[in-house]
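Participant: The sequence shown lines up with residues 1 to 293 when you count with full-length UniProt numbering. My structure is below; once you've seen it, I'll send some questions.
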Amino acid sequence: MTSRQDKESPVGRTSTSLPPAMQKHRIFGGADQGITIENIGLAAAPTMEWTYAEPAHTVLVWRRGIAEFKEADFDGSSRQRVSSRSSNIWIIPAGMRSSGVARNVSASEVLHLSLTSDAIGADRLRPVVDRRDLVLRGLVERIFSIDGRDDAVARLLRESLSDSLRLHLLDAYGEALSRPRYEKRDLDHATKRLLTEYLHDALDGEVSLDTLADLAEMPRSSFRRKFAAAFGTTPHQYLMELRLDRAKSLLISTGLTVTEISSASGFASPSHFATTFKNRVGVTPTQYRWKRS
């Protein structure tokens, strides 16, 4: 996609009479992950135009801002009137051309998602415009909320949310070919034991969904579902329960400080540990230790 001045832009083409200043912030992903999420900030402009024709699927989520008039089309079809409600989405399937125009646009923000066909797991997505999708908006906003965090829990949560995002797009807008697909086995007893031992050993370190899927010899796209069926919860929730169990044991059996126990149990910070413990156990770590002393 290019501007009228032939400048590369993730948002599209803008009027040369008053080109809006763009601020781009990558929230998640990269080429090696098959998915990127960016928050695009646009300055107010009397006219704004977009043209998309990308090899990857493009999904836009209108985050905030007002446009007096918006239209969009796919592959040169008749233009369709579009509203500028928050959480409205615009899906341009890989290889399809789509363009749009807006008038009297206020300062706005758009969430820009780019997904390869391999990442989405479908042969194509349906073209969609002017549909409100609060689920998609909520998933992206939750990923946005942990932007900048690099602790083990945040990484695992980010991966889990991105998988949920892919599955939601596939379920709601996918058009996969109807061909038989090989279904991986369920988690057997030996694999469950291997995963449990690994998670216990890695509680105070980094744990990624990719590593767990590799241990189970499964693709990540099916691993979360198989894990939930075998353990009754998601990998993120299971890891959190293991960390809390270790913290409880250390609170009762050692004289370590709460800060030391937080680190030994794999929490990002003492405050994160204290908040999580109180929310899930009902008392603070100090109160828990005192009641069982």
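Just so it is clear, CB atoms sit at the ideal spot from N, CA and C, and this is done for glycine as well.
(1) Taking the straight line between their C-alpha atoms, what separation do you get for residue 232 and residue 42?
(2) What's the C-alpha gap between residue 162 and residue 254?
(3) Could you check the C-alpha separation between residue 221 and residue 209 for me, to the nearest Å?
(4) Quick check on the burial criterion: 16 or more other C-beta atoms within 10 angstroms. Buried or exposed for residue 293?
(5) Flag this pair as yes or no: are the beta carbons of residue 57 and residue 120 separated by less than 7 Å?
(6) What distance in whole Å lies between the Cβ atoms of residue 59 and residue 113, which are believed to be in contact at a cut-off of 8 Å?
(7) Is there contact here, the stretch 136-150 with the stretch 257-267, by at least three beta-carbon pairs under 8 Å?
(8) May I ask you to report which of helix, strand or coil DSSP gives residue 293?
(9) Could you have a look at residue 149 and say whether DSSP puts it in helix, strand or coil?
(10) Counting only the same chain and skipping the five closest in sequence on each side, list residues whose C-beta sits under 8 Å from that of residue 131.
(11) Given a cut-off of 7 Å on the beta-carbon distance, is the pair residue 34 and residue 72 in contact?
(12) At 3 residues or longer, what runs of the beta strand (DSSP E) sit wholly inside the stretch 100-178?
(13) Does DSSP classify residue 194 as helix, strand or coil?
(14) Helix, strand or coil for residue 286? Go by DSSP, reduced to three states.
(15) Kindly indicate the opening and closing residues of the alpha helix (DSSP H) around residue 94.
(16) With 16 other CB atoms within 10 Å as the buried threshold, where does residue 129 fall?
(17) CB of residue 85 to nearest heavy atom of the ligand ATP: below 6 Å?
(18) Within the same chain, show all residues whose beta-carbon is closer than 6 Å to that of residue 289, passing over the 5 residues directly before and after it, in chain order.
(19) Pull up the CB-CB distance for residue 295 and residue 55, whole angstroms please, since I reckon it's below 8 Å.
(20) What's the call for residue 286, buried or exposed, on a 16-neighbour Cβ count within 10 Å?
(21) Give me the Cα-Cα distance between residue 226 and residue 234, rounded to the nearest whole angstrom.
Facilitator: So, from the listed chains and residues:
(1) 44 Å
(2) Approximately 38 Å between the Cα atoms of the pair.
(3) Cα to Cα, the separation comes out at about 10 Å.
(4) Residue 293 comes out exposed.
(5) yes
(6) 4 Å
(7) no
(8) Residue 293: coil per DSSP, three-state reduction.
(9) coil
(10) 88, 89, listed in sequence order.
(11) Contact flag unset, no.
(12) 108-115, 128-132
(13) Of the three classes helix, strand and coil, the one that applies to residue 194 here is helix, per DSSP.
(14) helix
(15) Unbroken run through residue 94: none, as it is neither H nor E.
(16) buried
(17) Judged by which ligands are present, the structure shown has none, so any question about the ligand ATP falls away.
(18) 251
(19) The question about residue 295 has no answer, for the chain in this structure spans 1 to 293.
(20) exposed
(21) Residue 226 and residue 234: Cα-Cα distance of roughly 9 Å.
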